[in-house]
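One rule links them: number in this note's numbering = place in the sequence shown (from 1) + 131. Backbone N, C-alpha and C fix where the C-beta goes; we use that ideal spot for every residue, glycine too. Note sheet for the following structure.
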Amino acid sequence: MCVAVPGQVVQIEENAGVRIGRVSFGDTTKQVMLALVPDVRVGDFVMVEAGLATVKVEKEQADEILKFIKELDELT
């Protein structure tokens with residue numbers, strides 16, 4: 132099972148017609164495919180699952196999701 136995690140887009144590149152972004156997850160930055168979110172811009176927040184940004188979210192939503200994930204982690 133994969134869990135989507137919110138991150139902030141910090142860079143966008145296009146290579147052979149494919150949009151690739153660098154997405155920040157706190158102290159880690161990963162390369163992410165942006166094919167499903169063509170309107171995303173640098174500074175936007177996206178939900179990422181298995182290296183693919185699936186949907187754009189507002190910062191407040193991203194913060195709420197991260198808070199929930201942290202609370203779940205503290206239970207284990």
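A check of alpha carbon separations from D170 across I151, F156 and T207 identifies I151 as the nearest.
DSSP links K161 through a beta bridge to V154.
Assignment of beta-bridge partners to L183 by DSSP yields M164 and E180. Between V136 and V179, the C-beta spacing is below 7 Å. Contact between V140 and V154 holds: their C-beta atoms lie close to 6 Å from each other, under 8 Å. At a Cβ-Cβ threshold of 7 Å, L197 and A184 do not count as neighbours.
Annotation for E189: no alpha helix (DSSP H) segment contains it, and DSSP assigns it neither H nor E. As the crow flies, the alpha-carbon of E191 is around 31 Å from that of G148.
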